[in-house]
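One structure is given below, encoded as structure tokens.
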Amino acid sequence: MDNVNRLMESLDLFAQICNSKWFIKASMILFLNKTDLFIEKIGSLSIKVLFKNYDGRKLFTPLQIWAPRRKVYMHETCATDTNQVQLVIDSVIDTVIGKNLKETGME
Numbered sequence: 001m002d003n004v005n006r007l008m009e010s011l012d013l014f015a016q017i018c019n020s021k022w023f024i025k026a027s028m029i030l031f032l033n034k035t036d037l038f039i040e041k042i043g044s045l046s047i048k049v050l051f052k053n054y055d056g057r058k059l060f061t062p063l064q065i066w067a068p069r070r071k072v073y074m075h076e077t078c079a080t081d082t083n084q085v086q087l088v089i090d091s092v093i094d095t096v097i098g099k100n101l102k103e104t105g106m107e
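The opening position of the sequence shown corresponds to residue 1 in UniProt numbering, with each subsequent residue numbered one higher.
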């Protein structure tokens, strides 16, 4: 049986992508999917089990450690909430278009 913690595996993969030479100048869009399931699980489990130094403040602070000079756009999603998914998609489109306009001097 596979004993890999999926959350830790995902965080490790995200750190590798953020630190990859191929994405040095890239902005990142991070989708935190299945937030409904995460909230359900976190209610019965202390987050300190995985993050020993967590002190109750912002959970996703490690992003600043992995990618301190990079803009990371985070979106919480729950795929079963179609209204929320549409809002996230619209926000991502606005972000990408705005960044492209700024880079071309057309903003």
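Ideal Cβ placement from N, Cα and C applies to all residues, glycine included.
Based on Cα-Cα distance, which residue from the options lies nearest to residue i?
i: residue 95; options: 27, 85, 35; result: 27
i: residue 34; options: 49, 82, 18; result: 82
i: residue 38; options: 79, 100, 52; result: 79
i: residue 6; options: 50, 36, 20; result: 50
Looking only at its own chain, which residues have a Cβ that is under 6 Å from the Cβ of residue i, when we skip the five neighbours before and after it?
i: residue 31; result: 75, 77
Check for me: the beta strand (DSSP E) holding residue i runs from which residue to which?
i: residue 30; result: 28 to 32
i: residue 106; result: Per DSSP, residue 106 belongs to no beta strand (DSSP E) and is neither H nor E.
For residue i, name the three-state secondary structure that DSSP assigns.
i: residue 72; result: strand
i: residue 35; result: helix
i: residue 81; result: coil
i: residue 93; result: helix
i: residue 51; result: coil
i: residue 45; result: coil
i: residue 25; result: coil
Quick one: give me the first and last residue of the alpha helix (DSSP H) that residue i is part of.
i: residue 15; result: 6 to 18
Among residues of its own chain, excluding the 5 on either side of residue i, which ones have a beta-carbon nearer than 7 Å to its beta-carbon?
i: residue 12; result: none
i: residue 84; result: 77, 78
i: residue 54; result: 47, 48
In chain order, what residues of the same chain have a beta carbon less than 8 Å from the beta carbon of residue i, not counting five sequence neighbours either side?
i: residue 92; result: 29, 73, 75
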